[in-house]
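First to last, the sequence lines map onto chains W and H. Sequence positions in the first sequence follow UniProt numbering and run 1 to 355. Sequence positions in the second sequence follow UniProt numbering and run 1 to 318. Cβ coordinates follow ideal geometry from the N, Cα and C atoms, glycine included. Values in this document were obtained by computation on a predicted structure and should not be read as measured data. Input: a single structure, listed below in structure tokens.
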Amino acid sequence: MARVVLEQVTKAFQNQSVVKGLDLVIPDGSFTVLVGPSGCGKSTTLRMIAGLETVTDGKIIIGDQTVNQLPPGKRDIAMVFQNYALYPTMNVYDNIAYGLRNRGTSKKECQVLVEEIAEIVGLSDYLKRKPSQLSGGQRQRVALARAMVKKPKVFLMDEPLSNLDAKLRNQMRVELTSLHKQLGSTFIYVTHDQVEAMTMGDQIVVMNDGHIMQVATPMDLYQEPENLFVAQFIGSPPMNIVAAEGKSEHVWGFRPEKAVLLPAAVSAIASEEMWSARGQVVSREILGSDTLLHVETEKGRVIVKADSEAAMQVGSSVTVTVPWEYMYVFEKGSGKRVGRMSGRVPVSTRAGGDS
Amino acid sequence: MRKAATVQELPGVSQSKTEVRSQAFAWSDLASRLRPYLYLAPALICFVLFFFYPIGSIIYLSFQDWSLINLEQMEWVGLQNYQDLMKDGDFHQVLGNTAVFTIATVGIGLTLSFLLALWLNKKAKVYGIIQATVFSPHIISLVSVSMLWMWLMDPQFGLLNAGLEAVGLPAYTWLTDPKSSLLSLIIVSIWKGVGYNTLIFIAGLQSIPGDIYEAAALDQSPWWRTLRRITIPMLSPTIFFLLIINTISSFQAFDTIAIMTQGGPINSTNMLVYYIYEQGMDFYNGGIASAASVILLILVGILTAVHFLVMSKRVHYR
């Protein structure tokens, strides 16, 4: 059990900064997810915590110890790789036991520990097999078992589910979450998939271009995005952004599910209560429970999430309406969130913002 | 025949229609069975012509007493040639030389190449330059290599002895003494082969995924254990391949011997292939040469089979 602290951590490859002065506290026992588009520096950050990349500048502290100079094996961490990185020439048992043997654990104790872990992840019948004889899901479990058996203070996971099919991925998501509850260790998890981040993390770190955009719980991230990037990265489909009326230095944004579509015939919306725009449905995506309607309006193209029963067809004329309290206000240049609307007036919800 | 069948198959022409049809069917069946062999024929013909025929004829010739100068006078002597070989002290020495040469060249050569590959398997430019330098002997013809080393190893004017004397060591006899001549050939052979072997080893090393080493680092694996438990097993197909081709080529060493020592001094560097050449071309003992060729064939066959049996259990293919 340990918390992980990053202080002004920077990484540059040949003069090109990939991670630019990160300050981050990962609380003890938390399930922290680093999420962001590819190339945002999230994997590099994880690899620096693991010790697989050197830190160009700044400090990494695990527990009470600055680990910058410690080799990966001495940091009391375990990592699950995207491609599992199992030892192909060793069987499942040896794969799991390898780290223990290197630490000088006795053969007998090793056997007890490995069998115990294999039982937990459901690999007891496969201990004699080589990784090449296992399915993707089973390999994933070996990788997990290999990490778990060392009982590390911190688990690092680099997109561990990205090589699994959708069904197995959902299942493993649930299993990882409950594993985290059982073990109580600190989990640091890297993904580019915002669904994974939202469902698994209790603290989410959104990164972009080597910077942290926001650190928050999943719900806060969704409801109180601090900037345009987070607003558009979190949520599927992303937040709609439209031109602000009256103030040219602002833009407005609203979530697709907060908009209501009205047939064009019903018009004359009181603009005191709602933002509205006339437009035409240009395409429809049916998701089952919901339908996504892409509407070309006079104020820009927006996506509206509607009930599947909504009868709007492609080509029909509609009016998109959004109650003012669901309208977010952002600064145009910096993308910083200003606040929400109250009636026709923007109200600052946070003094200055803290990003 | 087939055309006739088609005519008869016209409606209402023949009573024996079914019979003819079944015959036609058999024809097309045969054609489809033969087709694969037809496609294989060019390769098979070459194989028979240039592989089975020579092997067969060399076995046949090994039971004859014959020589290249008088091919008409061929006499069946049964196993006499083999018996002569078994009794011949020179031939025993030749077998011994071949074994020592092969074991030393393959053993030292591959170990050296492996260590070089471990050292050179890095990204910086300088390693690429060293790699190219080490590889260069491979593209020089063995004749040139032999001439070069004869000059280097010259007892009076050679660079090697000059070097030894410069650091205060006594001059070495190199190719001129039976005690040192085989060692000299082994050195030349290793020098010639090390670049190619290193290149293949480096290719093998580079095909090992990097994240396995990262996982090993996280598992606190000390470098020698990483080498023993991860690198070498992952490299086993490469090691296996190099072991086989190096063993076979060492067994068939000829050019260096022919140019540098002609098997001497006092038979000390004579090896199987050169012995065969000597018997057949210099001494006109066609029968003996053929019998020795058959023995070479059997030995190489056994060695390869043993390699396959032993290694196939330990080689890891992904």
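- The C-beta separation of Val-94(H) from Asn-285(H) comes to about 14 Å, leaving the pair out of contact by the 8 Å criterion.
- For the C-beta of Pro-233(H), the chain W residues within less than 7 Å are, from N- to C-terminus, Thr-89.
- For Pro-178(H), the enclosing alpha helix (DSSP H) starts and ends at 178–206.
- DSSP, reduced to helix, strand and coil, places Thr-256(H) within a helical segment of the structure shown.
- In terms of Cα proximity to Arg-47(W), the closest of Val-18(W), Asn-240(W), Val-282(W), Met-312(W) is Val-18(W).
- Counting the other Cβ atoms within 10 Å of the Cβ of Ser-250(H) gives 16 or more, which makes it buried.
- Per DSSP, Pro-218(W) has no beta-bridge partner at all.
- Taking 3 residues as the minimum length, the beta strand (DSSP E) runs contained wholly in the segment 270–348 of chain W are 274–286, 290–297, 300–307, 317–323, 328–331, 337–342, 345–348, in order along the chain.
- For the beta strand (DSSP E) assignment, the uninterrupted runs of no fewer than 3 residues enclosed by the segment 27–107 of chain W are, from N- to C-terminal side, 31–35, 57–62, 77–80.
- In the three-state reduction of the DSSP assignment, Glu-75(H) falls in the strand class.
- Apart from the 5 residues on each side of it in sequence, Gln-64(H) sits with its Cβ closer than 7 Å to the Cβ of Met-74, Glu-75, Trp-76, Val-77, Gly-287 in its chain, given in chain order.
- Using a Cβ-Cβ cut-off of 7 Å, Phe-13(W) does not count as an interface residue toward chain H, since no Cβ of chain H sits closer than that to its own.
- Taking a 10 Å sphere around the C-beta of Leu-110(H), we find 16 or more other C-beta atoms and assign the residue as buried.
- Residue pairing from DSSP places Phe-254(W) in a beta bridge opposite Asn-240(W).
- The Cβ of Ala-118(W) sits no closer than 7 Å to any Cβ of chain H.
- A direct Cα-Cα distance of roughly 15 Å separates Ile-204(W) from Asn-227(W).
- Using a Cβ-Cβ cut-off of 7 Å, Pro-237(W) does not count as an interface residue toward chain H, since no Cβ of chain H sits closer than that to its own.
- The C-beta distance from Val-314(W) to Ser-283(W) rounds to 6 Å, short enough to fall under 8 Å.
- Bounds of the beta strand (DSSP E) holding Met-207(W) are 203–208.
- In the displayed model, Leu-142(H) falls within a helix according to three-state DSSP.
- Excluding five sequence positions before and after Gln-280(W), the CB atoms of its chain that fall closer than 6 Å to its own CB belong to Glu-296, Ser-317, given in chain order.
- Separation of the CB atoms of Phe-283(H) and Thr-238(H) is rounded to 42 Å, and the pair is thereby denied contact status at 8 Å.
- When rounded, the separation of the alpha-carbon atoms in Ile-257(H) and Ile-248(H) is 16 Å.
- Looking at the backbone, the Cα of Leu-22(W) and that of Gln-232(W) are separated by about 22 Å.
- Looking from the CA of Thr-56(W), the closest CA among Ile-62(W), Gln-65(W), Asp-64(W), Thr-44(W) belongs to Thr-44(W).
- The alpha-carbon separation between Ser-293(H) and Met-150(H) amounts to approximately 28 Å.
- By the Cβ-count criterion, Gly-168(H) is exposed, with fewer than 16 other Cβ atoms from all chains shown falling within 10 Å of its own Cβ.
- Between Gly-51(W) and Asn-208(W), the gap from beta carbon to beta carbon reaches 7 Å or more.
- Rounded to whole angstroms, the separation of the alpha carbons of Ala-162(H) and Ala-171(H) is 8 Å.
- The residue from Gly-29(W), Asn-102(W), Leu-156(W) with its alpha-carbon nearest to that of Ala-78(W) is Leu-156(W).
- A Cβ of chain H is located within less than 7 Å of the beta carbon of Leu-52(W).
- Ala-145(W) sits away from Val-33(W), with the two beta carbons spaced by 7 Å or more.
- For Pro-263(W), the enclosing beta strand (DSSP E) starts and ends at 260–263.
- At least one CB of chain H lies nearer than 7 Å to the CB of Gly-99(W).
- With distances taken between CA atoms, Val-242(W) lies nearest to Arg-255(W) out of Val-174(W), Asn-102(W), Arg-255(W), Val-230(W).
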